[in-house]
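For the sequence shown, the UniProt record's numbering begins at 1 and goes up steadily by one.
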Amino acid sequence: MRLLHTSDWHLGRSFHGHSTLPHLREVLAAIPAQVEEHSVDVVLVAGDIFDHAAPAAELYLVLAEAIRGIRAAGAEVVLISGNHDNAIRLGFQAEWAALGGVHVLTRPDAFRSPLELSDAHGAVDIYGVPYLEPMLNRELYPGERLREHRELLGRVGHELEELRSQRGNRSVVLSHCFAVNAAAGRDGESVAAAGADLVWDLTAGGLDLVPASVFAAHDYVALGHLHGRSELAPNIRYSGAPLHFSFGEAGRPRGSWLVELTADGLGEVQWVPLPVPRDLARIRGRIADLLSSSEYEGAEESWVEAVLTDPVRPLDAMRRLRERFPHCARIEFEPESGEASERRSYASRVAERSDEEVVDEFLQHVRNGHGLDAAEREVLAEVLVESRIALASHRTGGTR
Numbered sequence: 001m002r003l004l005h006t007s008d009w010h011l012g013r014s015f016h017g018h019s020t021l022p023h024l025r026e027v028l029a030a031i032p033a034q035v036e037e038h039s040v041d042v043v044l045v046a047g048d049i050f051d052h053a054a055p056a057a058e059l060y061l062v063l064a065e066a067i068r069g070i071r072a073a074g075a076e077v078v079l080i081s082g083n084h085d086n087a088i089r090l091g092f093q094a095e096w097a098a099l100g101g102v103h104v105l106t107r108p109d110a111f112r113s114p115l116e117l118s119d120a121h122g123a124v125d126i127y128g129v130p131y132l133e134p135m136l137n138r139e140l141y142p143g144e145r146l147r148e149h150r151e152l153l154g155r156v157g158h159e160l161e162e163l164r165s166q167r168g169n170r171s172v173v174l175s176h177c178f179a180v181n182a183a184a185g186r187d188g189e190s191v192a193a194a195g196a197d198l199v200w201d202l203t204a205g206g207l208d209l210v211p212a213s214v215f216a217a218h219d220y221v222a223l224g225h226l227h228g229r230s231e232l233a234p235n236i237r238y239s240g241a242p243l244h245f246s247f248g249e250a251g252r253p254r255g256s257w258l259v260e261l262t263a264d265g266l267g268e269v270q271w272v273p274l275p276v277p278r279d280l281a282r283i284r285g286r287i288a289d290l291l292s293s294s295e296y297e298g299a300e301e302s303w304v305e306a307v308l309t310d311p312v313r314p315l316d317a318m319r320r321l322r323e324r325f326p327h328c329a330r331i332e333f334e335p336e337s338g339e340a341s342e343r344r345s346y347a348s349r350v351a352e353r354s355d356e357e358v359v360d361e362f363l364q365h366v367r368n369g370h371g372l373d374a375a376e377r378e379v380l381a382e383v384l385v386e387s388r389i390a391l392a393s394h395r396t397g398g399t400r
């Protein structure tokens, strides 16, 4: 059986105020061609189909168009919901969709009823583990205090292992979560530092990652949530998003994992690139140089992030840059002056304090000595958790 693993389509996401839909449509249209070329049997979409919980009607049409193309090319589709999706909306009419070879697994307990497909070697069980929130999905394990993702997914992983043992079939898992392996790297490489950075980001904020080992018993695990491809183990991978959604993803490959299941389990896994409708370019220098130097000719048709180093902020910088770089989307100013040194000095002072201390001191300054109260500290803690998750996702190839 041949599987094609993709994830994080984020239909409806914007890129610095620009719609990504035309480019995303172009990229998704390439997936049916991959299905035909490689004789794919099943396309796995590991969550975050939409970017918002209440997507516009047009986005449902785009999703239908993409799935229709995949089915016409000969593959069945299995998808799960991610943290950006509304699981109930996405799963509406799932029972009827399954009759047409489109399997939408969005219920929290979907993994308890594996989808059984077959090939020449026998049955393959596909387990869908949509994004699970410990505080919202307590009904999965009544009476158990599972407050963290690692605890809940660890419990799910144990149950999946028991199901696999009982059923005796080859098994594939789709999961939308923050899995990590200390030896895991970005872009398919085994770079311990990449995993270590991610662990530091989250444990520093009191969060827990999901150990990739909870899925180790299965033949293949298709993960979604991070926007850069990553190999946590030969059988546990993130495909990443099909499109670049931030400048932090510049230069990172976009594509899908083509997975071969043999009679004995996992066979060959290879990367299948997707087209990049518009590259991302990060350029740096004084505005006069950026506008005149031939060094930047290759960026003229790209999405551009420009870092201006002029000692004085140039007037009308965005308009001027767009005369040469019509798709300039973002500008930063880092003047080569004493002002920059002062900013670095301030940054180093701030780095010595915790985030909560910085906010508390600021509020004391603007509220005549009144810092954070208990309720504000609780809200701030929640905000800091979310920001650290976003930062960790960015450093590993994307946002969630």
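Think of the CB as a built atom: it goes at the ideal place given N, C-alpha and C, for glycine as much as any other residue.
Every value quoted in this text rests on a predicted model; they were computed, and no experiment measured them.
- prompt: Is any beta-carbon of chain B found at less than 8 Å from that of leucine 99?
  reply: Judged by its chain identifiers, the structure shown contains no chain B, having just a single protein chain.
- request: Identify the continuous alpha helix (DSSP H) that holds proline 32 and give its terminal residues.
  value: 30-38
task: Jot down the residue ranges of each uninterrupted beta strand (DSSP E) in the stretch 264-314, minimum 3 residues, whole runs only, in chain order.
output: For the stretch 264-314, whole beta strand (DSSP E) runs of length 3 or above, ordered along the chain, are 265-273, 280-285 and 303-308.
task: Following the continuous alpha helix (DSSP H) through valine 156, name the residue where it begins and the one where it ends.
output: Counting along the chain, the alpha helix (DSSP H) containing valine 156 begins and ends at 149-167.
field: Inter-residue Cα distance where the pair is glutamate 297 and alanine 281
entry: 11 Å
field: Element boundaries [alpha helix (DSSP H), containing arginine 138]
entry: From DSSP, arginine 138 is part of no alpha helix (DSSP H); its letter is neither H nor E.
query: How many Å lie between leucine 4 and leucine 380 at the Cα?
result: Straight-line measurement puts the Cα of leucine 380 at about 41 Å from the Cα of leucine 4.
Nearest-angstrom Cβ-Cβ length linking leucine 223 and alanine 179, presumed shorter than 8 Å: 6 Å
task: Please check the pair glycine 12 and alanine 73, which I expect to be a contact at CB under 8 Å, by giving their CB distance rounded to whole angstroms.
output: Contact doesn't hold; Cβ gap of about 24 Å is too wide.
field: Sheet register partners of serine 256 (DSSP bridge)
entry: Val272
- request: Decide if glutamine 270 is buried, meaning its Cβ has at least 16 other Cβ atoms within 10 Å, or exposed.
  value: exposed
field: Rounded Cβ spacing between serine 256 and leucine 243 (contact assumed at less than 8 Å)
entry: In this structure, serine 256 and leucine 243 do not form a Cβ contact; the two beta carbons are roughly 12 Å apart against a cut-off of 8 Å.
- request: Select from Glu356, Leu363, Gln364 and Arg313 the residue whose C-alpha is nearest the C-alpha of glutamate 382.
  value: Glu356
message: For residue 402, count the other beta carbons within 10 Å of its own beta carbon; 16 or more makes it buried, fewer makes it exposed. Which is it?
response: With the chain running from 1 to 400 in the structure shown, residue 402 is simply not present.
Nearest-angstrom Cα separation, counted from leucine 209 out to histidine 52: Each residue's alpha carbon lies about 24 Å from the other.
query: According to the neighbour-count rule (16 or more other Cβ atoms, all chains shown, within 10 Å of its Cβ), is leucine 198 buried or exposed?
result: The pLDDT assigned to leucine 198 is 39, lower than 50, so where the model puts this residue is not dependable; a value taken from the coordinates is nonetheless given after this. Its Cβ being crowded by 16 or more others within 10 Å, leucine 198 is buried.
query: DSSP puts alanine 233 in a beta bridge; with which residues?
result: Ile236
message: Helix, strand or coil for leucine 174? Go by DSSP, reduced to three states.
response: strand
message: I need the straight-line Cα distance from proline 32 to glycine 69, nearest angstrom please.
response: 6 Å
query: Do three or more CB pairs link the stretch 24-39 to the stretch 283-296 at distances below 8 Å?
result: no
message: Please list the terminal residues of the continuous alpha helix (DSSP H) segment that includes glutamate 65.
response: 57-72
- request: Report yes or no: do three or more beta-carbon pairs, one from the stretch 92-110 and one from the stretch 151-166, lie closer than 8 Å?
  value: The stretch 92-110 is not in contact with the stretch 151-166.
query: Taking the DSSP output, what are the residues bridged to arginine 330?
result: Glu305
- prompt: Relative to the C-alpha of tryptophan 9, which residue among Gly265, Leu291, Glu144 and His176 is closest?
  reply: His176
message: What residue range does the beta strand (DSSP E) around leucine 117 cover?
response: 115-119
task: Taking arginine 320 as part of the alpha helix (DSSP H), name the residues at either end of that continuous run.
output: Here the alpha helix (DSSP H) through arginine 320 covers 317-324.
- prompt: Which value, in whole angstroms, describes the spacing of the CA atoms of isoleucine 236 and phenylalanine 215?
  reply: Those two C-alpha atoms are separated by around 8 Å.
message: Tell me the rounded alpha-carbon separation between glycine 17 and histidine 327.
response: Cα to Cα, glycine 17 sits roughly 11 Å from histidine 327.
message: Cutting at 8 Å between CB atoms, please list the residues of its own chain near glutamate 361, excluding the five before and the five after it.
response: Hits under 8 Å: Arg353 and Gly371.
- prompt: Grouping DSSP H, G and I as helix and E and B as strand, with all else coil, what is serine 213?
  reply: helix
- prompt: Using DSSP with H/G/I as helix, E/B as strand and the rest coil, what is leucine 202?
  reply: For leucine 202, the predicted structure reports a pLDDT of 41, less than 50, and the residue's modelled location is therefore unreliable. A value from the coordinates is still provided. Looking at leucine 202 - three-state DSSP - the assignment turns out to be helix.
- request: Would you give the residue range spanned by the beta strand (DSSP E) that valine 76 belongs to?
  value: Residue 76 is actually glutamate in this sequence, not valine. Unbroken beta strand (DSSP E) run through glutamate 76: 76-80.
- request: Tell me whether the beta-carbon of alanine 288 lies closer than 8 Å to the beta-carbon of phenylalanine 325.
  value: no
Valine 312 burial status per 10 Å Cβ neighbour count (16 or more: buried): That one is exposed.
Sub-8 Å separation of valine 172 and leucine 160 beta-carbons: no
Outcome for glycine 251 when other beta-carbon atoms lying within 10 angstroms are tallied against a minimum of 16: exposed
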